[in-house]
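Residue numbers for the sequence shown follow the numbering used here, so the first one is 8 and each next one is one higher. Idealized CB from N, CA, C, for every residue including glycine. It should be emphasised that the depicted structure is a prediction, and the values quoted were computed from it without experimental measurement.
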Amino acid sequence: MEAGERMSDKNLARRTEIQVFLGGVDVTKPLQKNLLSLTYKDNEDDESDMIEIQLEDRDGVWLTQWLADSTEESGEPASVPETVFKVTAPSGINVRSGPGADYARVGSLSYGSEVEVESMSNGWARISYGGSEAYVNASYIAEAEPEATVMTEQETLGLKIQASIIRRNWNDDGSDKILDCGEFELDDVDTSGPPSVVTIKGVALPFNSQIRQVRKNKAWESYSLSGIANEMASLNGMACMYESSYDPHYERVEQLAMSDIEFLSNLCHEAGISLKVTNNMLVLFDQREYESKPELLTITKDDKSYKSYKMRIGRANKQFTSCRVRYINPETGQLIQAYAYTPNYRKNNKSNQQLEIKARVSSYAEAKARAEKELRLHNKRERTVMFMLEGNPDLVAGVTVKLSGWGLWDGKYIINSATHIVGTKGYMTQIWLRRVLEGY
8 MEAGERMSDK
18 NLARRTEIQV
28 FLGGVDVTKP
38 LQKNLLSLTY
48 KDNEDDESDM
58 IEIQLEDRDG
68 VWLTQWLADS
78 TEESGEPASV
88 PETVFKVTAP
98 SGINVRSGPG
108 ADYARVGSLS
118 YGSEVEVESM
128 SNGWARISYG
138 GSEAYVNASY
148 IAEAEPEATV
158 MTEQETLGLK
168 IQASIIRRNW
178 NDDGSDKILD
188 CGEFELDDVD
198 TSGPPSVVTI
208 KGVALPFNSQ
218 IRQVRKNKAW
228 ESYSLSGIAN
238 EMASLNGMAC
248 MYESSYDPHY
258 ERVEQLAMSD
268 IEFLSNLCHE
278 AGISLKVTNN
288 MLVLFDQREY
298 ESKPELLTIT
308 KDDKSYKSYK
318 MRIGRANKQF
328 TSCRVRYINP
338 ETGQLIQAYA
348 YTPNYRKNNK
358 SNQQLEIKAR
368 VSSYAEAKAR
378 AEKELRLHNK
388 RERTVMFMLE
398 GNPDLVAGVT
408 VKLSGWGLWD
418 GKYIINSATH
428 IVGTKGYMTQ
438 IWLRRVLEGY
């Protein structure tokens, strides 16, 4: 997710706050009384985003009746208002500080999210967001049928969790930064002790969701990758965002006893496209295009912006200097093959390692593109770095960072995962980075 901005009182001390909704109910106040930590992990690809909330439960309130008590203490009704609106835009909608597109973006609402509208004027709907007045474009919401949300303890799993991290007046200028963590589904609640601690966990794509669990047999004929992804998203009540200029076409590809997400993930790996599930949305993107974006910041060894770091170079059998994609048409006997090389490839170097891929391709150009993407896929984790930093809402998966003064590790990196932690020690951000592959 990305960060939004709003203004606060610049005379107040800088601080970090959280905003949490459970089943559409604002439970921020009762959570803050017992909060030990809120952890949000944002992944670049392959893994689902997750959220974890740890609560001190010395009095047993959260263990015995946590949802009911949270709802009561929040000061909000325990059921959805009589009239609610649902987000209809497939990619979600921006939440703004005022009634217009020129106002600051303070967050977002995902496709299918329900929201109570206080009033409407000139095409903009006024809502409450993060405890403050906010606005959304009324063109992208529609009135929804009300549904009761009073739940028993046994019905809590599957509840929607929405969370934001708000960094207020951090630079003593009144400006705030909001990290909209997105929407998750509650799939695990556990307790430990003494002292008694309750842990609430949510994931962007639950293990028991249909897109992950239902195995299917289907032949996809005359489909593009984006077409398959969009159809799967629609069938599973999700939105889809395809962010790549490369969109492979399939005359026929078979899904055999595989779930939708497993099949789509395999296609993406073969095409060199990254797949991410976040905020009730399937996001497919080209890593090379993300890697080409300007660096958000530079971390130098002497700038003391970090609390700790860890760096690693790993080669073994993971590093290849070339890749060959090869296919023989069984009907005509025609051989189609193409090669891709790293910038440091030397023809007579005995240490060269070649990656061999057998895959169905229809042309040399398709084989060449596949070879380039497979080479990048297998080499991308040669250099990895971890930094623990002061909390920064702008540091999210897919953002690029430059390292300077670190010797062998100097260069441009992309954030593979970012973990934001708000707890008793303040607000911290841990980022895992991998070196950007340049020249191929």
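- For the 7 Å CB-CB criterion, residue 313 and residue 23 do not form a contact.
- Note on residue 427: 16 or more other CB atoms within 10 angstroms of its CB, so buried under the neighbour-count rule.
- For the 7 Å CB-CB criterion, residue 284 and residue 211 form a contact.
- Note that the C-beta distance between residue 394 and residue 169 is not below 7 Å.
- Comparing alpha-carbon positions, the option among 187, 329 and 367 lying closest to residue 355 turns out to be 329.
- Under the DSSP assignment, residue 267 falls in the alpha helix (DSSP H) whose first and last residues are 267-278.
- Residue pairing from DSSP places residue 136 in a beta bridge opposite 139.
- In the structure shown, residue 367 adopts coil according to DSSP, grouped into three states.
- Close CB contacts of residue 47 within its chain, under the 6 Å cut and outside five residues either way in sequence, are with 58, 188 and 427 (chain order).
- Straight-line spacing of the CA atoms in residue 367 and residue 349 works out to 23 Å.
- Scanning 97, 370 and 308 for the CA closest to the CA of residue 411 turns up 308.
- Looking at the DSSP output, residue 436 shares a beta bridge with 396 and 427.
- Of 30, 142, 60 and 175, the smallest CA-CA separation from residue 398 is found for 175.
- Around the C-beta of residue 361, fewer than 16 other C-beta atoms lie within 10 Å, and the residue is accordingly described as exposed.
- Listed as beta-bridge partners of residue 114 by DSSP are 102.
- With 16 or more other Cβ atoms inside 10 Å of its own Cβ, residue 100 counts as buried.
- In the three-state reduction of the DSSP assignment, residue 209 falls in the strand class, which pools E and B.
- In this structure, residue 26 lies near residue 171, with their beta-carbon atoms less than 7 Å apart.
- From the listed residues 418, 106 and 372, the smallest Cα separation to residue 306 is found for 418.
- Distance between residue 425 and residue 396, taken at the CA atoms: about 11 Å.
- Scanning 311, 241 and 257 for the CA closest to the CA of residue 97 turns up 241.
- Counted as a single uninterrupted DSSP element, the alpha helix (DSSP H) harbouring residue 240 occupies residues 232-242.
- Cβ contact annotation for residue 166 (same chain, cutoff 6 Å, sequence separation greater than five): 29, 30 and 193, in chain order.
- By alpha-carbon distance to residue 143, the top candidate from 150, 151, 115 and 119 is 115.
- Our two residues, residue 413 and residue 254, have alpha carbons roughly 38 Å apart in a direct line.
- About 4 Å separates the CB atoms of residue 332 and residue 378; that is less than 8 Å, so the two are in contact.
- Between residue 388 and residue 320, the C-beta spacing is not below 7 Å.
- Beta-bridge partners assigned by DSSP to residue 413: none are found.
- With fewer than 16 other Cβ atoms inside 10 Å of its own Cβ, residue 109 counts as exposed.
- With at least 16 other beta carbons inside 10 angstroms of its own, residue 216 counts as buried.
- Going by C-alpha positions, residue 266 is about 29 Å away from residue 441.
- Our two residues, residue 295 and residue 199, have alpha carbons roughly 44 Å apart in a direct line.
- By the CB criterion at 7 Å, residue 421 and residue 374 fall outside the cutoff.
- Non-local beta-carbon contacts of residue 105 in its own chain, meaning distances under 7 Å to residues more than five positions away in sequence, involve 142 in chain order.
- Contact between residue 302 and residue 407 is confirmed by a C-beta separation of about 5 Å, below the 8 Å threshold.
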